[in-house]
Structures are given as structure tokens and as C-alpha cells.
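In the order they appear, the protein sequences are chains C and S. All residue numbers for the first sequence refer to my numbering, where the first residue is 6 and numbers rise by one. All residue numbers for the second sequence refer to my numbering, where the first residue is 3 and numbers rise by one. The structure under discussion appears below in the form of C-alpha cells.
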Amino acid sequence: MNKKSFFNVEGLNKSFAGLKAVNDVSMHIETGEILGLIGPNGSGKTTAINIMTGMIKRDSGKITIDEHNIGDMPAYLVPVYGLVRTYQTIRLFKSMTCLENAMMGAIGVGIGRRAASEIAGELLEEVGLGESIGLPAERLTFRDQRLLEIARALAASPKFLLLDEPAAGLNEEETDMLLSLLKTLPGSRNIGILIVDHDMRLIMNLCNRLQVLNYGRTIAEGLPKDVQKNPEVVNAYLGSTAS
Amino acid sequence: MSTHRHFLSNCEAAPAARPQSTSSYFSFANKWSTVVLLISGLVAIGAFIWWLNIPFIEDIFTSSAITLTMVLGFQLYMGNSGILNWSYIGYAGIGAFASAIFSMEPAVKTMQIPTMYPFLIKLHLPFSLALIAGALTAMAVAALVAWPLMRLSDSVGAITQFALLIVFNVVLSQWSQVTNGPRTFTLGGLRYTTLWVALGVASVVLAAVFYFKESPVGLKLRATRDDRHAARSSGINLVSTRYIGYITSAFIGGLAGGLFSHYILSITAASFYLHDLFVILSMLVIGGSMSVSGAFFGTLLVTLARQGLRQVELGLTRSGFEASGATEIVLAILMIVFLIWRPNGITGGEELTWNSIRRRLKSFTGRKKQSAKSQQQED
Ligand SMILES: Nc1ncnc2c1ncn2[C@@H]1O[C@H](COP(=O)(O)OP(=O)(O)OP(=O)(O)O)[C@@H](O)[C@H]1O
Ligand SMILES: [Mg+2]
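Structural data, given as C-alpha cells:
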């Protein structure tokens, strides 16, 4: 049996010039599960991810993976402790090949070049980019760029993966593909996933648990079917999108 | 979904590259063919020119091989990090003076540069060691000053490097006890940098610069160039990665400077300033800064163009036109034209490889057949 790891966030706070973007948010994920983080535009989802990965400094709060205090580490050390992310606006190394892009995930956590190329190659095959290994990332389709970003993240062999709107810009068919890919990851790689997305079909089909943010505050959390019925959530967010 | 369609249509045109063997996703043989091809080309040209035995042409080749070394070191940092490193030429200057001080006979030093510090006069190493010691000196200076500058990117990064170049230039041109100050520094010894020495060093540096580009550090540096944020969240330490690239680049610059001083045999600080930086920059831009092949072909092309233009310039001046400086103007315009229409230079940022040559040949013969066919149809 795989060893379980725990990602814990306690009382996270962040203000931008008086605006409370993240307000006392706590979050718990363990390996093997998928947590959905949803909420209206500007509710602080991306900011929360930015803080958790050390990309921006928090005002207060505690971020740990098992016994490691991630919150006090420089951002470039966070992947070494098993936490990686993708971006809402895709960020790739656009002039480098797909293989090199995916390799960077592994090289970034200290894996040698040859081993990294093997890991990257296998991952690219797995996500369906085997044909594009030698292409520069900028020549990929939008969908493939999303997949490549996920492959790069997985190449770091993370314990926890934070996905910021991976389905944004994808059509229904492509979203289904993404869904089936993501669904297998917790089991096959023993990782915990935090996914942010506005596509409720994806979220409902994928997540074990949901957490809802509004104005930087957690307004609900629990099983998808319960959260979906929560009047405050319907009022703040789902009312306009869910049927 | 318009962006989506756009990307899709883009990809249809792209050739799908499959891994060469099933066991490895990296074709190391194809990658390293770049080094084999470029060094073979360099050695072939060098051997031919040596066989011709025309001193004037031999001199042009030797100085171009030195320039190539210089451009390669420039490419190592600028190409992989995406930051224009103005101070680079200063490291060439440091290497030039330092290696000369190391290699000169104490007696010659006392005579040529009477103001020199006594402990520097006493130093004496054989040429090969002096060359490396000079390069190490440049690298040590880079290691001392660079750390706080490494987190600066874009124009701020370029401006600080420019300021650093000014500092280097003033120090080199004023420090009488080391560089003979504003007066010419004459080495007064043998011309150690022969055609074969320049060729040998350039070849080794070419292989090293290519190795750097493909090494973990080189890959990391390229990643920071393409997206700083994604690099950081992939585990890449921007400052230390750039630092390694920067001081390695300074080492090669120092090496090139040492070759230069032992070739030209009398130098001043002015030999390592804006004009020469402009020349190597134009070579790198025209060749394509993102690839080692770009440094190679840029140096080759601009050297040939400059020699040609120089003859034209001389001819014009002789026939009564005042045309001095025209070469520089043509070069500057060429650089601008490239930056507008072909920012990745003639190589397009790609490396020359077996596969790229084969592809080129195939598409060339294919096109020929096609045009023959269409001509037949027209007839
Ligand atoms: N760097 C910043 N400086 C100032 N304000 C910011 C910054 N980043 C985010 N904000 C603000 O913080 C709030 C939360 O933004 P955030 O991007 O986290 O929202 P989000 O939940 O990801 O929204 P979306 O669903 O649109 O992606 C917004 O009001 C935003 O304007
Ligand atoms: Mg967001």
C-alpha cells in the first residue's frame, strides 16, 4: 500500500491594497483524492494557489506537506517537497520542444537529464502527446498545450498537483478527455489533486470533495452532491451556471 | 474558440517528429551531429587556408576563429538566458590583459610597463597556462560582481550590465600599474595564437557551449528565458542558474580575450568596448542567438561580409568617395532588418543537424520535382 501524505493549509490570509483576496482559508488534501475549489470570478482561487506554491507571499497562515513547512520556502524548493501546479493562463517554455518542456519538471527537482528524458517521454505518451515530442511547445494546439503543462507538472513526481482551470478554453469533447486522464491520476500515481475550474460538469464528475470560495472566504465544503444543494453556494455561484 | 482553431491549423502544418529508437526519446546521435558538423566545417576551412599558405588570408581566418570563440561565449549567456550582456566584452578585456601579464617574461614586463606592480612582474606562466589563468581571472571577477545582478531581467538587467561595462572600461583604461593605463600595452613576445591554436580553442569551446546548452543547467537557463514564473514553479532557482551561465560565459570571454592579445600583441582598453561588442552582437543576431549554429554561421557570414565591404569601402575611398565607416552602417542596418523580419536569425534558432540537412535536401528535391511537374502541366 502506498504511503499517504497530507497537504494542510491553515488560516491563510492575503490582502492586496486593502482588498482581502484570501480570507482565513483552510484546506486539507490527502494523496489519492481530488478536491475541487470553486467560486465566482475574483473569489481568490488563483491567489490561493499562488500563495500555496510560494509564488506570492502570504500575510499569515500555515502551509505544510506532512512535516515540511512549505510556506517558508522559496518557490523553487516547493516542487522538491512534492507540490506542483499548472497555470490558468498556460505557461510553457514555448521555444523548447515538448520533450524538453516535460523534462524540466523532472530536472527541476534534481533528476538527471537521461532519466528526465525517459520520464518525460513516457508521460507525453501517456497524455497523448507522443507524436509531438520534437515539436516546439508554441506549435501545439491549445488542448495539447494544456496537456503538456500537466505532463511537465507530473514529471516532478509530485505528491500534490494544483490545477488552475485546466479545462478553460477546451470544448466538451476535449474536456471529457481531460476528465478521464485526471480521474486515473490519484490511483495510478498516488497523488492528491486540487482542481479549480468553472466547468461544473467536469468538477461534479471528477471531485471527491468540494470547497467553495466567495470574496476570499470559504462558504461551503463537503461532498459534491451536498455542496451543490447548499443555498448559499447556489446563491453566490451556481445560480447562474448550474441547471 | 477562435484561438483554438488557430492553434489547430498551425499544428496540421507541423511535421510530427517520432523518437528515433523505442528505448530512448532523445536522439543523442542527431543532437551531437551539430558539433561534428560545425567543427568539421571549421577544421576543413582552416586546413584549406593553411594549405593555401597566404599570410593575409591566414590572418583573417585566425582572427575569425578568435572572434568565433568570443561569439560562442556571448551566445552561451545571451542565447540561453535571453538577457543582453553588455559587460561580456569587458571580460574579454580582463582575460586579454590578465593572460598577457601571466605569459610575459618578467624582464619584458619591466621594460614595457615600468609602472607595473612588482608582484605582477614576477608572475610567469607558459602560454597555455597563462591563457587559462587569464580566463579564470575573468571568471573570478564575474563571480565577485554578478550575484546581486542576476535577479534583474529585461531592460533593467541590460542597463545594469551596461553600467558594469563602463566600470570595466574605466578600470582597464586607468589602472596604470596593471594595464599600462591609457597607453598601449605591448606584449613584446612571440605570437602564440597561431592559426591552429585559435582553431583548436574555438573547436573545444564550440563543443563546450553546445554541451552547456543541452546540460541540466543549460536547459534550466533556457526555461527561465521562456517563462520565468513557470521555471520557478518547476523548481528552478533563477539566480543561481543565471549565475552559473554568466560566469561560464565570462570564462569563455576571457579565453577569447587571451587568444586575441597573444595574436594582436598590443592592446588597449578601447579594444574591448562598444565597437567590438557591436560586432559580436551583430554576428549573434544575424546568425540567430538561440543556437550554437547561429553563433557559428553569424560569425562566418558577418566576417565574410565585413571583408567584402571593407574592400568596397577602400575602393570607394581611393576613387575619391569618403566611405569610411560604411561597413559599420551596413552591418547596423542588416542587424535592424534581421531583428524586424527574422528575429531568430538565419538559423531561426535551430541547430544544424543531420536530420535538418536531410529534411532540407528532401524538401529541395521535392520542390524541384513539383515545379517541373507544374511546368509540364502549364505546357
Ligand atoms: N497581484 C495582484 N494585485 C492586486 N490584486 C490582485 C492580484 N492578484 C489578484 N488580485 C485580486 O484578488 C482577487 C482574487 O483574484 P483571483 O485571481 O485569485 O480570483 P480567481 O478566483 O482566481 O478568479 P477567476 O475565476 O476569474 O480566475 C481579485 O479581486 C483580484 O483582482
Ligand atoms: Mg483564477
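The beta carbon of each residue, even a glycine, is placed where N, CA and C say it ideally should be.
Other residues of its chain near K50(C): CB distance less than 7 Å, five sequence neighbours each side excluded: The residues are L42, G44, V201 and L218.
Where I338(S) falls, given that 16 or more other Cβ within 10 Å makes a residue buried: Residue burial is scored here from C-beta neighbours: I338(S) has fewer than 16 other C-beta atoms within 10 angstroms and is therefore classed as exposed.
Go through the residues and name those whose CB comes closer than 7 Å to any heavy atom of ligand 2, in chain order. Every residue with a CB closer than 7 Å to a heavy atom of ligand 2 is listed here in chain order: K50(C), T51(C), Q93(C), D169(C), E170(C) and V201(C).
DSSP three-state assignment for H126(S), whether helix, strand or coil: Correct three-state label for H126(S): coil.
Return yes when at least one heavy atom of ligand 1 lies under 7 Å from the C-beta of S20(C), else no. The answer is no for S20(C).
Exposed or buried, which one is F170(S) when buried takes at least 16 other CB atoms within 10 Å? That one is buried.
Check the C-beta distance from A204(S) over to L70(S) and give it rounded, since I have them as a contact under 8 Å. 5 Å between Cβ atoms; contact.
Within 8 Å of any Cβ in chain S, is that where the Cβ of V114(C) sits? So yes, V114(C) belongs to the interface.
If we cut at 8 Å on Cβ distances, does M78(C) have a partner in chain S? So no, M78(C) is outside the interface.
Cβ shell of P108(S) (< 7 Å), same chain only, five flanking positions each side left out: If we look at P108(S) and ignore the five residues flanking it on each side, its Cβ neighbours are I123, K124 and H126.
Would you say A225(S) lies against chain C (beta-carbon separation less than 8 Å)? Closer than 8 Å: yes.
Roughly how many whole angstroms lie between the Cα atoms of F121(S) and Q176(S)? F121(S) and Q176(S): Cα-Cα distance of roughly 19 Å.
8 Å is my cut-off, CB to CB: does A125(C) come that close to chain S? Under the Cβ criterion of 8 Å, A125(C) is counted among the residues facing chain S.
Report whether the distance from the Cβ of L24(C) to the nearest heavy atom of ligand 1 is below 7 Å. Flag set: Cβ of L24(C) near ligand 1.
Contact between the stretch 122–140 of chain C and the stretch 248–256 of chain S is defined here as three or more beta-carbon pairs at a separation below 8 Å; is this criterion met? At 8 Å Cβ cutoff, the stretches do not touch.
Would you decide whether R361(S) is buried or exposed? Buried here means 16 or more other CB atoms lie within 10 Å of its CB. It is exposed - the Cβ of R361(S) has fewer than 16 other Cβ atoms within 10 Å.
In terms of DSSP beta bridges, what is E35(C) paired with? Under the DSSP definition of a beta bridge, E35(C) partners with F11(C).
Roughly how many angstroms separate the alpha carbons of V207(S) and L74(S), rounded to a whole number? For V207(S) and L74(S), the distance between alpha carbons rounds to 7 Å.
In terms of residues, what are the limits of the alpha helix (DSSP H) holding F107(S)? Here residue 107(S) turns out to be Glu, not Phe, going by the sequence shown. Per DSSP, E107(S) belongs to no alpha helix (DSSP H) and is neither H nor E.
From this set, I116(C), F98(C) and L243(C), which residue's C-alpha is nearest P163(C)'s C-alpha? From the listed residues I116(C), F98(C) and L243(C), the smallest Cα separation to P163(C) is found for I116(C).
Stretch pair the stretch 140–152 of chain S + the stretch 55–70 of chain S: three plus CB contacts closer than 8 Å: At 8 Å Cβ cutoff, the stretches do not touch.
Same chain, Cβ closer than 6 Å to L133(S), neighbours up to 5 away in sequence not counted: For L133(S), same chain residues with a beta-carbon under 6 Å away, outside a window of 5 residues either side, are S101 and G260 in chain order.
For L145(C): DSSP bridge partner residues: In the DSSP output, where bridge partners are listed per residue, L145(C) has none listed.
G44(C) beta carbon near ligand 1 (any heavy atom closer than 7 Å): Indeed, a heavy atom of ligand 1 lies less than 7 Å from the Cβ.
Continuous alpha helix (DSSP H) assignments of at least 4 residues falling wholly in the stretch 311–367 of chain S: Runs of the alpha helix (DSSP H) spanning 4 or more residues and lying entirely within the stretch 311–367 of chain S occur at 328–343, in chain order.
Nearest to R90(C) (by Cα), restricted to the options E72(C), M101(C) and I155(C): Answer by Cα proximity: I155(C).
Return yes when the Cβ of M60(C) is within less than 8 Å of the Cβ of H231(S), no when it is not. The Cβ-Cβ distance between H231(S) and M60(C) falls below 8 Å.
Just to confirm my understanding: we take K25(C), look at its own chain, exclude 5 residues before and 5 after, and list those with CB closer than 7 Å. What are they? Only residues of its own chain outside the window of five on either side were considered, and among them G221 have a CB closer than 7 Å to the CB of K25(C), listed in chain order.
Rounded C-beta distance between I34(C) and P191(C)? I'm assuming under 8 Å. At roughly 10 Å, the Cβ-Cβ gap does not stay under 8 Å, so I34(C) and P191(C) are not in contact.
Reducing DSSP to helix, strand and coil, say where A165(S) ends up. The answer is helix: DSSP assigns A165(S) an H, G or I state.
In chain order, what residues of the same chain lie with their CB nearer than 7 Å to the CB of R63(C), ignoring the 5 residues before and after it? Only L17, N18, K19, I56 and G76 meet the Cβ criterion.
Opposing strand residues paired with E226(C) [DSSP bridges]: According to DSSP, E226(C) bridges with Q216(C).
Rounded C-alpha distance that separates S263(S) from A140(S): Approximately 14 Å, taken between the alpha carbons.
Tell me the rounded alpha-carbon separation between V158(S) and A325(S). Looking at the two C-alpha atoms, the distance is approximately 37 Å.
Grab me the residues of L243(C)'s own chain with a C-beta within less than 6 Å of its C-beta, minus the 5 sequence neighbours each way, in chain order. None.
How would you list, in chain order, the residues of chain C whose beta-carbon sits under 8 Å from the beta-carbon of H231(S)? In chain order: M60, Y92 and R96.
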